[in-house]
Structure formats: structure tokens, C-alpha cells
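Trainee: Have a look at this one.
Numbering (the working numbering), first residue to last: 131 to 1231.
Structure representation (C-alpha cells):
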């Protein structure tokens, strides 16, 4: 595109003529009659705001060349109503100034210069009198008058006058949008002056905030809005402006600075970078905060990115960014130049507007970048053969966003040198002279290609053609810029094709272009084309090679090797191995970027094999050394005196069979499926709340970290109904203090993470819900951590190690109850369904006792071998002979048959049973099994069970029972289960030790080895044995009538039948006791006391 500054120069010339004319008449006496307009007044009226906005900067420029007394009078005649203007002229222009600081954008206004000069010459009172004498007959004039009065009060540091004037101004503009728009230049001047004055006032901060919010939806964000936003930041949080970080910075600001941005003198970016947090508080162009080192290989970037409300921030990884669109149904994808498009993400994500933070993750793996928001994948971006190596946080020019707790993990490769052209898309490059906005030709005629050469290997080339229709000598500037700034020492090298006037390429750093010609090197300062207001000619250049310098070693019609080196604050140029130029790098608030430059009317450009070798750090810092990583883990530092013990268990079939995990709630036949990859819990509900829980067999005390991993989460519930996946712990206190973290599909069908703290006080459960944040993923981890008297609730998305803190609460210090670490699913009916697969459990604690690993196949083989070595044997075959009535006791309905003893158990409304018991004392290790044929197990009534079980009861203080059972639920499903019971304060406490989906066993078996019992079910004809679970028990002898076979039918009006085939006992000691009349009382497993789950199941009622 041709960069033509003609219009700007014409307007500037007209403005200069008017300014000189006004100065010539500045000392003429004022007209007494305001209605009598001078020619200058008429001219100002005709040109109106366009002339005023153009001439204000020229008036200031002209005033700078005058003596102070003349300057004051000249500015006064221009601003104050008089023969030149019937009203106050309050303008705000924007340009670049080079005062006591490096060149920077600034507000330029005759009114501001007048106030400052009047203050320096003690003329403020006189100026105030002139302003107050102006008859403000309209609201517009009154607003102008108030602006000038407040500017004078600010110069005087008269806070009371400032407050009074701004309050009146705000009251005038607040209800009238047209008046606010008319007064916007004055508000910009007030904000700029307030920034310079200490202290600023509350009223001005309120005025500036009101104005910025009123224009928040202005899409193009002209210079006055951007300067006002920048001033608002500096007024509201002056102590946080700039960077505050210990050590060398790891992140560097880069901006999508185009001629449009620089020419309009937009304020430079104002980033705030502190430990664990980055905010781009005001924008220039689109802003990119770059990490210090380029990354290749596989790695992950996690961050809490600011969300909607003009605060969006995205992660740029692999040359692209992907982000959630405000409607929560689409994602946007873009590169450093522009947004490329939007696509659907499928099901709408949970609304995040009221939470303000989006958990954003970009994972580079297997040749693609996968971006997820709040646990849900929203985009996959293929990387091809090579990837743009710089990661960055991107914020659009319209927003003020950033990130918290950004972490880079994985095993990235940090190269010594990078290729600067990784693809034909020229990722990371942009055309300086293209206007902002989304268009198909953002690179104009710039292009790139990559080819594999047999001799030279991979060749990358950048081209930009000469534009034939442009008049030669018009000096049309073309610049392709690499957006990541060159902040560290290093060398950028490339080859360029030189063919005299036909093809050339010149390096650029920042705004300085180094023109390489055969007769030497010249420096050219970039102009801003049609946006340029400086008057700098596009053909400007300053020769830097001495006349007697040796010729520049340019090779004509050949590829020339070029190197640009940054060495501290110096730049060094080498051509074909020879140093041709050294100079200081330009002083500027922006870090300099490398670019390729040529005059498109004079030559084409060809550059190949651009590479960058930099002194960037070559190792990825540990997380605790990464400057944008949050330090909340400091709260979770291990404070206990001992390092703690750790357990890590896979949750799978072997773990369930081996007794590491026990099903505490739920029907195992319906709700649990153990596989080699994990344990799937599935729960449905036709009405009310239904749930299933499993628990690790561990004992935990002191500080702890408890984590469970899940995936394949699915939940379906009706509106106003709830489903969840949760983990909780219960302390061993009278109040049963409970901490619970859960993913919940809530009553609005929003998917959230939530915390709960609960305790029972005076018989009432007191609950505190808190920390609710969106979570749309189907996989993750739940974690509870206790440190002293506090418990922390954390979660991680997917397979990430990035735990985010949801909440924290006071908690007790007592040990956790046995089997009180429980996790599972819950659903509310009707038509509710939830399922998830649990795969891993980890715990670290000051005091920790866990189940040792059990290989169930090896255990079964070992148990069989040990059984054969036990010295005493008791066997009875019910199919061959009647049993000794002194050895085996019967109760309930039964009769003998050639096939065995048939036991019949009619169901009743009360708990009843039928069965047999052994009247023997069993000592030491034992192995007891009975074989049967389940002729008919009746389906029980709803809420009850039909059960056949082998039961052993100890005579200890807890009356411990262990049961190996065949269990039929009210849904008709059958499973094999192991369960234990103890008595506590007269109440029975049951727990499921384990279960297997074996629905047709023909024997049940219980084995004691030392202090551990093993429950087994199997089918003899299939040679199948399954270990149901293990449990610790007493080594006490088993008293007579405490080994039982029990059949129970759940509910009246039904009956069950079982054929007992045989019973086999091997033990260290077997003694027949004297017969005792009376029926033994078997266990009653289904009438158990309420469990923790029973307390938790009503959380959402």
C-alpha cells in the first residue's frame, strides 16, 4: 500500500498559516461587542472542529519558538475568547515529544501550555479572572469554563476548588451524552493534568472512570480514549504502575505497533508485572508479553486468564492463540496479526462472566497445540513440521487483561538458535504499514516459502516485490517486522539478494532502518505514511559511513550474508563477514524489534534463511522460580516436623480385589465395574438422591494431602436437579467435622467446582458452601490438604499437575476417622444418571497407615498352599449322610434331600433368616468354605436385600463379624460381596470390604492368616476363584456357634431356597463344644446404622 502523507502536509500548512495570522493579531485590542466576529473567528467557525483539532498542535509548536512573555500572550489569545474566537478553545491533540525522557506519546494542548506557563510566571490569578469574565451562556460554554478553572486549581494544588469544579462538571455531562462527547477533550486535559499533579482528587478519578466506561464499547478506540484509559490507570493505582519483580525479568512486552498506532500517538503499553500476576493496564496496539526463551518440543502452559468485560487475555503458543468468545459457544483463533476466524465448540460452556477468570491451558504434544478452557477442550491447532517458538500472553488493544499464576511445565527444548521463518504463514511477522483489522491480505505482498534443497538443505525465503506502478523516487516504505523484541544480546543473520536498483534488503531495529548501499551505510527513520503527523519526509536518511571509509562489500547479483548484532545498547552490522557499522540503539520506551525494510517503488526484496542466536536462558526455570507462577503453594508448604509418609494407589480391579479400596455405598452389581484401567462408578436415580462411594483402607493423621483422579465423567439431570462427583474426609470428633470438594452439575445445569465445610452441633448439621467456580471438563483431580488448623480445597483439570485453589477454611486437627476418606458419585432423580472412572489415589500425611499391596492371584495360590498345611480338618458332605446334631445346628425351615440340605427362608416384614452353624471352637489360622446351589434367590422389596452368606463372628469387645456373601438387590442384580461389622456404643457399623460382579458362585470361603481375613467367592466347576476383599481381625479363637451359613429374604410375600452341598474347615485347632440348646442369632447386615454417606446424601435437598 502506498504510504502518502500529502493530506497531512496540506492540513499542516494551512494550520501554520492560520497560526501565524493569529500571532500577528495577538496584541490587537479586543472587540467590545462579542457579536462582532473577526475574520479569524469566522474562519474558525467555518472550519470548526476539524481546523481546531489540526491547529492546536501547530499552535503549541509555534509557541515553543517564542519568548516566554510573547508565548503567554500568544497562547492566551488563542485559548481565551476574543477577536480570534467567540468561545474558549480547549483542544487535545496527540503527538510524540522528546523532552527530558525518550521520545514518547503525549497530550498536546495550547490550554495545558497556557496553564503551565501562567503558573511559572505567576499569572494564574489574572488568567482565572479572564476565564471567569467569559459569559458562559450555554452548557457547552460552562463545561469549557469549568475545565479551565479546574486546570488552574490543579496548577495551584487547590484540592477544594478542584473537587467543587469537577463535581459541577460531572453533574452537567453525566445525564447528557452529547455534552459529554463535546467535553471529552477537556476531560482528557483534566486527567493528564491530574496525573502530573500530586495528589490527584477523588472527583477527577470519578469523572475519568465515568467517561471511560461511557465509551467502553467504542470499537476503534481513538487516541483520546486510549490516553484517558492510560490516565485512569495512573490515577487509580499509581503505586502499581510499571513492573515490580525481583531478579532479571523473564517476560518482555511486545506490541503490534503499526504506522496507524504510532502515527496516532497512542499511549505506550503500561504493563504491571508482579510475582504471579500480569496486567496490561492500557494498550498501544495488541499487546504480547513474551517469555524469555524460545521453546520447542512438548510442554504445557497453564494460567488463570482474565475473562470477559473487556479483560480477555489469551495464550499465544505455537504461533496461534485460541480463546473463548463471550457467547460461550464459539472459540476464536488468531495469530499475532489478526483474528483468523471463529468456530463452534459444541455444547455451551458454563457462563463465566460473573467469575472473571478463565482457567486456560495450552498443551503442545504430538505435533499440535490443544487449548482448553475450564477443563473443556476448545481448539486443536496442528503445528506442521516446525512451530513458532515464542509463547506469549496476548491482549487485544480494546481490553485491559492479563493472567495470574502462569506456569510452564514439561520437557521443552530451548535452542541456542531459532529459524525465524517456520512456515509459509510468516508466523510472528507483520506488515508495519497495514491498517489494523481482520482482512485476508494482512501481509499485503509479503510472502514466504520453505523448500528442501538437495545440496543446501532446508531453505526459507521471504519476498516482497517492487511495485511497478509507483513513481520511482516516491520512497514508499515497506517494513516487515518480527514482533518478539530483541531485548537480549544476540545475532540475527540472513542472506539477501542484491542486484543494484532491482533488489535490495535493509535491516531495521526499532524505528531505525540501516540502508546498505555500495557507497556506505545510512540511517533512515521510519515515517508513519498517511498517519504521519511529524512532517518527517519518507526519503530522510543520515549517512553514517565516513567518506573515506572502505567500500561496503556488497556482491552484485548474488546472495550477501548479513548479520545484525545487539551488544548491550549498541548495534553492530556485518556484511559478508566485515563490520560495516556500529551505533547506539535508539532510546525509546518500547523494546526494539527487528525488521526487513526496502523502498517498494525502487526495488524488490528477497531474504532467505533468517536465523536468530540469542543470549536467552537455556533452561526452563523451576515453577517456584517462574515469575508469573503464583505463590499460593507457599500456604501449602509442608510445615510438619516430619517429612510425612506417602502412598500412591492405582484404582483398578486388582486394588479392589486386594482390599485397598472398599465400596461403602451403592449396589456393587449395578454401580461398580472394576477394570484394569480404573473403577467405574455408575449411579442412576428414578426419584430422590442416590449415590455410591468407595474408600481406601488407610488411616490418616496430622497434616495431609489427599488426591483422587477421575475421567470419563458424564452427568445427565433434569433442570433443578443435581448430580455430582465428590471426595470428602471426616475427622474423628464428636461433631464429625467434614470437608468436601465436589464437581457438581447444579440446579441451573451449570458445571461447577464447589467446597463444603460441615459439622454436627447439638444434633444439627451446619453447612457452609463456598468457592463455586466453573469447571466444564470430564476429567481431573480433586484434592484436600490440611495444614495445621486449616483445610485447603483444590482441583486440577484433565491430566494437569496445575492445581488451582478453590477455597480454604478453618478445620480441626484431630485424626481422620477410619474409612472416612470417601469418593464417588451422586445423582438426583427422576431420570438422573452420573458415572465417572476413578484411576488413582494419592495421600501424604504425617501419620499414615495403609494396606500393603496384595496380588490376588498369588494370594489365592498361597492361601491354598497354606490351607493344605493346617493340621486339623472338619468336613461334612450334606449329600451323603445326616450330620451330627451336636456338631451342626439348624434353624428356620429346612429338610434333607439326596442333593443336600435344602434351606428355605420366607420373607417377612421383620428381619428373619434360616441356616446352619458349627458348634466348634476354631483356633489359630483357619480356612472355612461351604458349597451350595442357589436354587432360587427371590428379588427383595425396594430398599432391601436377599442374601446368602458365610459369616464368622469374634467374641471380642466389638463383636466383629466378617461375611462373604451372595447379594441380590431390589433391581434383581446379583453380586458377590465381602462385608464386616463392629459394634460401637451398642450400634452396628457395617462396611463393605469389597465386591465382584460374580452372580453365580457355588461356594463362599473365609480364611484367616495371622491378623488378616480374606473373603473369597468362586465356582468350583469353572475353577474360578475371586478374592472379594481383606480386613484386619483379631487373632482370638472363634467360639462355638460363631461360624454360620445364613439365608435371608428381603420382604414379605416371597421366599428363597438354597441347597447346602458341603462344608470344609481346616484350622490350627478344631474342638467340638458341648451342645447348647437354642438358636444362634445370625448377623443382620441390612439394618446398619446411618453412614457418613447417609449424612451427605441430603446436602442439596
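Where a beta carbon is used, it is the ideal one built from N, C-alpha and C, also for glycine.
As the structure is a computational prediction, the values presented were derived from the model and not from experiment.
DSSP three-state label for residue 968, please.
Mentor: Residue 968: strand per DSSP, three-state reduction.
Trainee: Check whether the stretch 434-446 and the stretch 467-480 touch, using three or more Cβ-Cβ pairs below 8 Å as the test.
Mentor: Cβ pair count under 8 Å is below three, so no.
Trainee: Can you grab the Cα-Cα spacing for the pair residue 194 / residue 201, in whole Å?
Mentor: Rounded to the nearest angstrom, the two C-alpha atoms are 7 Å apart.
Trainee: Would you please state the rounded distance, in angstroms, between the beta carbons of residue 1058 and residue 1078? I believe it to be under 8 Å.
Mentor: So it is not a contact: roughly 15 Å between Cβ atoms.
Trainee: Inspect the beta-carbon positions of residue 668 and residue 606 and report whether they are closer than 9 Å.
Mentor: Yes, Cβ-Cβ distance for residue 668 and residue 606 is below 9 Å.
Trainee: Going by C-alpha to C-alpha distance, which of 531, 516, 733 sits closest to residue 601?
Mentor: Closest option to residue 601, Cα to Cα, is 733.
Trainee: Would DSSP call residue 197 helix, strand or coil?
Mentor: Coil, per DSSP.
Trainee: To the nearest angstrom, how far is the alpha carbon of residue 806 from that of residue 840?
Mentor: Cα to Cα, the separation comes out at about 14 Å.
Trainee: DSSP three-state call for residue 610: helix, strand or coil?
Mentor: Here residue 610 sits in strand by DSSP.
Trainee: Give me, in chain order, the residues of the same chain whose beta-carbon lies closer than 8 Å to that of residue 891; leave out the 5 immediate sequence neighbours on both sides.
Mentor: The answer, listed in chain order, is 865.
Trainee: In three-state DSSP terms, what is residue 1257?
Mentor: In the structure as shown, the chain starts at 131 and stops at 1231, and residue 1257 therefore has no counterpart that could be examined.
Trainee: Express the C-alpha separation of residue 402 and residue 608 in angstroms, rounding to a whole number.
Mentor: So the two alpha carbons sit approximately 33 Å from each other.
Trainee: Should residue 992 go down as buried or exposed, given a rule of 16 or more other Cβ atoms within 10 Å for buried?
Mentor: The residue in question, residue 992, is exposed, as its Cβ has fewer than 16 Cβ neighbours within 10 Å.
Trainee: Would DSSP call residue 341 helix, strand or coil?
Mentor: Here residue 341 sits in helix by DSSP.
Trainee: Can you pull the DSSP bridge partners for residue 234?
Mentor: 227.
Trainee: Determine the direct distance from the alpha carbon of residue 578 to that of residue 553, and round the result to whole angstroms.
Mentor: One C-alpha to the other measures close to 8 Å.
Trainee: Does the stretch 1082-1101 come within contact of the stretch 1158-1173, defined as at least 3 CB pairs closer than 8 Å?
Mentor: A contact exists between the stretch 1082-1101 and the stretch 1158-1173.
Trainee: According to DSSP, which residues form a beta bridge with residue 208?
Mentor: Beta-bridge pairing links residue 208 to no other residue.
Trainee: Look at the alpha carbon of residue 176 and the alpha carbon of residue 242, and state the distance between them as a whole number of angstroms.
Mentor: Low per-residue confidence applies at residue 176: pLDDT is 45, beneath 50, and the placement is therefore not dependable, though the value from the model is reported in the following sentence. Their backbone Cα atoms lie some 25 Å apart in a straight line.
Trainee: Buried or exposed for residue 512, going by 16 or more other Cβ atoms inside 10 Å?
Mentor: With fewer than 16 Cβ atoms within 10 Å of its Cβ, residue 512 is classed as exposed.
Trainee: Between the Cα of residue 454 and those of 845, 209, 488, 386, spot the shortest distance and give me the residue it belongs to.
Mentor: Minimum Cα distance to residue 454 is reached at 488.
Trainee: List the DSSP bridge partners of residue 835.
Mentor: Answer is 915, 974, bridged to residue 835.
Trainee: By Cβ distance, which residues of its chain are closer than 6 Å to residue 359, with the 5 residues on each side in sequence left out?
Mentor: Within the same chain, residue 359 has close Cβ partners 342, 412.
Trainee: Do you know whose CA, among 655, 618, 688, 725, lies nearest residue 638's CA?
Mentor: Ranking the options by Cα distance to residue 638, first place goes to 725.
Trainee: Helix, strand or coil: how does DSSP classify residue 437 here?
Mentor: Coil, per DSSP.
Trainee: Can you find the residues in the same chain that come closer than 6 Å, C-beta to C-beta, to residue 536, ignoring five residues on each side of it along the sequence?
Mentor: So the qualifying residues of the chain are 433, 758.
Trainee: Going straight from the alpha carbon of residue 626 to that of residue 207, what length do you get?
Mentor: Cα to Cα, residue 626 sits roughly 57 Å from residue 207.
Trainee: With residue 800 as the anchor, note down where its alpha helix (DSSP H) starts and where it stops.
Mentor: Note, residue 800: alpha helix (DSSP H), 798-801.
Trainee: Between the Cα of residue 268 and the Cα atoms of 302, 260, 1109, which residue gives the shortest distance?
Mentor: Here the closest residue by C-alpha is 302.
Trainee: Skipping 5 residues on each side, what residues in its chain have a beta carbon closer than 6 Å to that of residue 1014?
Mentor: Nothing listed; no residue qualifies.
Trainee: With a 10 Å radius around its C-beta and 16 neighbouring C-beta atoms as the bar for buried, classify residue 248 as buried or exposed.
Mentor: Its Cβ being crowded by 16 or more others within 10 Å, residue 248 is buried.
Trainee: For residue 916, tell me which candidate among 735, 683, 836, 1102 has the shortest Cα-Cα distance.
Mentor: Answer by Cα proximity: 836.
Trainee: What are the boundary residues of the beta strand (DSSP E) that includes residue 1025?
Mentor: Start and end: 1023-1027.
Trainee: Among the residues of its own chain, which have a CB less than 7 Å from the CB of residue 286, if the five just before and after it don't count?
Mentor: Cβ neighbours of residue 286 beyond the five flanking positions: 254.
Trainee: On the three-pair Cβ rule with 8 Å, is the stretch 529-548 touching the stretch 448-464?
Mentor: No, because fewer than three Cβ pairs between the stretch 529-548 and the stretch 448-464 fall closer than 8 Å, the two stretches do not touch.
Trainee: How is residue 886 classed by DSSP in three states: helix, strand or coil?
Mentor: Reduced to three states, the DSSP call for residue 886 is strand.
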